[in-house]
Amino acid sequence: ELWLPAVLTAALWTVTVRHHSFFFPPLPEILSAFKDLWLFDRLGSDALPSVLNLFAGLLLATVAGIGLGLLLGRAGRLYDAARPVLEFLRAVPGIALVPVALVLLGTGDGMKAALIA
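This is the structure we're talking about:
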């Protein structure tokens with residue numbers, strides 16, 4: 003049931019291939035351009051660094067979160083002391099950390115991984 007609109011749209015798009023429009027090119031032309039731009043030449047150079055940054059950030063967040071959580075869970079006084087800072091940092095939107103990360107970490111992959119974390 004969920005796939006039916008996508009299949010009907012693709013079928014309608016394929017049937018109307020004779021109608022040439024600048025804004026709605028034929029589906030085979032779009033698929034060919036997608037294949038040429040993404041699947042062969044540029045996949046490794048464009049998508050792979052982003053995926054690696056994503057996994058580095060997730061790994062950093064997992065290690066830091068579990069380590070800090072275990073430490074704060076075992077030391078009640080440390081948790082009481084760190085709680086206001088943690089609550090403040092939790093309320094800060096992620097986008098507001100971008101200028102701070104740029105100043106402290108530069109523009110490299112470390113900054114990207116830290117912001118993902």
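In this note's numbering, the protein residues as written are 3 to 119. We put the beta carbon where it would ideally sit given N, CA and C, even for glycine.
Buried or exposed by the 16-neighbour rule on C-beta atoms within 10 Å, applied to residue i
i	result
residue 115	buried
Euclidean distance between Cα positions of residue i and residue j
i	j	result
residue 35	residue 19	15 Å
residue 83	residue 49	42 Å
residue 59	residue 80	26 Å
residue 77	residue 89	17 Å
residue 5	residue 17	18 Å
residue 44	residue 52	13 Å
residue 96	residue 113	13 Å
Residue interval of the alpha helix (DSSP H) (run including residue i)
i	result
residue 85	78 to 93
residue 3	From DSSP, residue 3 is part of no alpha helix (DSSP H); its letter is neither H nor E.
residue 128	There is no way to answer for residue 128, as the model of the chain reaches only from 3 to 119.
residue 37	Element bounds for residue 37: n/a, residue is neither H nor E.
residue 112	111 to 118
residue 103	100 to 107
C-beta atoms of residue i and residue j nearer than 8 Å
i	j	result
residue 98	residue 117	no
residue 119	residue 70	no
residue 122	residue 12	Coverage of the chain is limited to positions 3 through 119, which leaves residue 122 absent and any answer about it impossible.
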